[in-house]
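Have a look at the structure below, then the notes.
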Amino acid sequence: MLALMVPAAGLCQERPLESRNSQIIDLTHELRALYDPAQLPVFLTGCTERQISSYDPTGGNDDGGSGRYSFVRRNPDSSLVMAEVYGAGVINRMWTPTPTTDTLDIFVDDSARPCMSVCYMDLFSGKVKPFLSPLCGQGAGGYYCYFPILFQRFCRIIDRGKKLRYYQVQYKTFPTGTVVQALRPELNEVEQKAFEMVHTTWTQEGDFHDEVAPSCEKKAAEVVLTQGASKLLVNLRAPGRIRGIELTGAKLLGDSVRDIWVEIRQDDESIPGVLVPVAAFFGFADGRPSMRSVLSGVRGDTCYSWFPMPFDRKIRVRLLYKGSGMPIRLSATVYYTNERRDPHLEGKFRVHYVSHPLTENDPWHVFLDTSGKGHYVGTMLWAQGERPGLPVFFEGDDSTAIDGIFRIHGTGSEDYFNGGWYDLHGKWDTARSFPISGCMYYNKTRRLTGGYRFYLSDKIPFERSIWQGIEHGKSAREPVPARYTSVSLYYSGTD
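In this note's numbering, each residue's number is its place in the sequence shown (first place is 1) plus 4.
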């Protein structure tokens, strides 16, 4: 496990669009990424996302069970350093399924005294300032904290207990010369307002509709899909961006949802940047609505997606019906603006869809393997074993290589989705939706499971390439053939 990380070189351009000349990173800047989806296309030039975790570096499955690899180092007083990062940066995600009542000391830019001390369990209770709900909470067996811990020179987190188990600490480093306003326990008035924006958007109705829709133009369409039909929802022929898509009629789709595809072509691309089944795009599970996140899912009878899609000249959105069932009538609304894309600062929206069987000898399911400049913003995964029983193939670790260097290694499949402990009552045992992650379903009899996770403040930038995948059945005593289906969402600077 790496103890020291240095910041990347370059100019970080991850900042609100109206203040692109600023090189100051503060709490309001990081909080805005959590409540304003318009920030999603903006490149993170010069920034690097990394993770420290309790994964087993020998390649085994002791990813925190024994605690053998659950620290960067042990101090002379037996306390455990669980994270240590040098340079200017921000810890933007912490996760564990095993918090304790021990004290965490958080050192920010001062090695002599902690900036804050908090009970490990209370970090996720949502009740201890500044680690408040909904940025900090629990669900589906996992505990998560997305409150930004900013630092200028270094950050060190020490656990005063004698043993740690499973954990992940994900962080972003800024380039040399970036000025960062470090963590303070008390929020000022401006920061408090930014936090209230997060609270409102993450809790009021479950998605970004009220933040996006009122400021947009919109085009509505009624379509009837028949066998082999292709129906155009919108064809915009001037620079701008789609801010959201709603599709009403989810209750009528049923099993046909697998046969309806969304196709989105931007500008003059010969291969559509988005070509994916409606079921996968909006987070259905086993033919039924399941996901309800702030960015995408199903609300009542309406499918929605609030991923911005900036384009330079034109964009077309179609529905394709590849099934042979009865005609289906749907209503669609596309929200858009004429705000131009700056190709130096923003990428174009892309979706990579893959569905394939894996045998006992296939070690990986690859989410995405692509080259160019961009950043990764989301994963949805569905997995089904070919034989009944526990989904033991769902033990594999996620892993991410950025620009050819492995920088992120997880501790288990449900862990990647902020969950934990599958098949335990009240844990990863049924569908549970949270603002940016969740379990889409779990059925032991049919050996079905799946989850989703979206990246806002923790989106993963890459300058030349990204590879992200998850192990299949590596730790299973009985290897299980299974079908994996995934949707990877990212922004690319490559046309």
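Ideal placement from N, C-alpha and C gives every residue a C-beta, glycine not left out.
Practice problem: Starting from the C-beta of isoleucine 110, find all residues in its chain whose C-beta is less than 6 Å away, skip the five residues before and the five after it, and write them out in chain order. | Solution: Closer than 6 Å at Cβ, skipping near neighbours: Pro118, Cys119, Met120, Ile161.
Practice problem: Could you name the residues of the same chain whose beta carbon sits closer than 7 Å to that of serine 294, not counting the 5 residues immediately before and after it, in chain order? | Solution: So the qualifying residues of the chain are Gly287, Phe288, Ala435, Met444, Tyr445.
Quiz item: Helix or strand or just coil, what does DSSP make of aspartate 402?
Solution: When DSSP states are grouped into helix, strand and coil, aspartate 402 belongs to the strand group.
Quiz item: What's the call for isoleucine 409, buried or exposed, on a 16-neighbour Cβ count within 10 Å?
Solution: Residue environment: isoleucine 409 is assigned as exposed (fewer than 16 neighbouring CB atoms within 10 Å of its CB, all protein chains considered).
Quiz item: Is it buried or exposed for leucine 323, if we count other Cβ within 10 angstroms and need 16 for buried?
Solution: A buried status is given to leucine 323, since no fewer than 16 other beta-carbon atoms sit within 10 Å of its beta-carbon.
Practice problem: Closer than 6 Å by C-beta to leucine 38: which residues in its own chain qualify, once you throw out the five before and the five after it? Chain order, please. | Solution: Within the same chain, Val202, Leu460, Ser461 come within 6 Å of leucine 38 by CB-CB distance, once the 5 residues on both sides are set aside.
Quiz item: Among Gly442, Pro314, Ala254, which has the Cα closest to the Cα of isoleucine 268?
Solution: The residue with the shortest Cα to Cα distance from isoleucine 268 is Pro314.
Quiz prompt | When Tyr150, Asp114, Thr100 are compared against leucine 31, the one with the closest alpha-carbon | solution = Closest by C-alpha distance to leucine 31, out of Tyr150, Asp114, Thr100, is Tyr150.
Self-check item: Option in Ile56, Thr182, Ile246, Gly291 with minimal Cα separation from threonine 404
Solution: Comparing Cα-Cα distances from threonine 404 to each of Ile56, Thr182, Ile246, Gly291, the minimum goes to Ile56.
Quiz item: Does the separation of the CB atoms of valine 338 and leucine 236 fall below 8 Å?
Solution: For valine 338 and leucine 236, no; Cβs fall outside 8 Å.
Practice problem: To the nearest angstrom, report how far apart isoleucine 246 and phenylalanine 47 are at their CA atoms. | Solution: Here the C-alpha atom of isoleucine 246 lies approximately 18 Å from the C-alpha atom of phenylalanine 47.
Self-check item: Cβ neighbours of arginine 333 in the same chain (closer than 6 Å, five flanking residues each side left out)
Solution: Contacts found: Val228.
Quiz prompt | Given valine 266 as reference, the closest of Arg188, Arg97, Pro367, Tyr308 once Cα atoms are compared | solution = When C-alpha distances from valine 266 are compared across Arg188, Arg97, Pro367, Tyr308, the shortest belongs to Tyr308.
Quiz item: Taking the beta strand (DSSP E) that tryptophan 386 falls in, what are its first and last residues?
Solution: In the DSSP assignment, tryptophan 386 falls within the unbroken beta strand (DSSP E) covering 378-389.
Quiz item: Grouping DSSP H, G and I as helix and E and B as strand, with all else coil, what is methionine 444?
Solution: Residue state, collapsed to three classes: strand.
Quiz item: Which stretch, first to last residue, makes up the alpha helix (DSSP H) that contains lysine 255?
Solution: That run of the alpha helix (DSSP H) goes 254-257.
Self-check item: Length at least 3, wholly inside the segment 239-324: the beta strand (DSSP E) runs in chain order
Solution: Segments of the beta strand (DSSP E) lying fully in the segment 239-324: 244-252, 264-270, 278-281, 300-303, 306-309, 313-315.
Quiz prompt | First and last residue of the uninterrupted beta strand (DSSP E) at lysine 176 | solution = Taken as a continuous stretch (DSSP letters only), the beta strand (DSSP E) holding lysine 176 covers 172-177.
Quiz item: So, helix, strand or coil for lysine 197, using DSSP?
Solution: Three-state result, lysine 197: helix.
Self-check item: Per DSSP, the bridge partner or partners of lysine 131
Solution: Partner(s): Leu136.
Quiz item: Considering valine 227, what are the terminal residues of the beta strand (DSSP E) in which it resides?
Solution: First-last of the beta strand (DSSP E) with valine 227: 221-229.
Exercise. Since I believe aspartate 305 is in contact with glycine 253 (beta carbons under 8 Å), could you give me their beta-carbon distance rounded to a whole number of angstroms?
Key: Right, the Cβ-Cβ distance comes to about 7 Å (below 8 Å), so this counts as a contact.
Exercise. Please report the residue range of the beta strand (DSSP E) in which proline 57 lies.
Key: Here residue 57 is serine; the residue named in the question, proline, does not match the sequence. Start and end: 52-57.
Quiz item: Taking the alpha helix (DSSP H) that serine 417 falls in, what are its first and last residues?
Solution: Here the alpha helix (DSSP H) through serine 417 covers 417-420.
Quiz item: Name the DSSP bridge partner or partners of serine 121?
Solution: By DSSP's assignment, serine 121 forms a beta bridge with Asp109.
Quiz item: Does the separation of the CB atoms of leucine 362 and proline 485 fall below 8 Å?
Solution: Leucine 362 is a Cβ neighbour of proline 485, given a cutoff of 8 Å.
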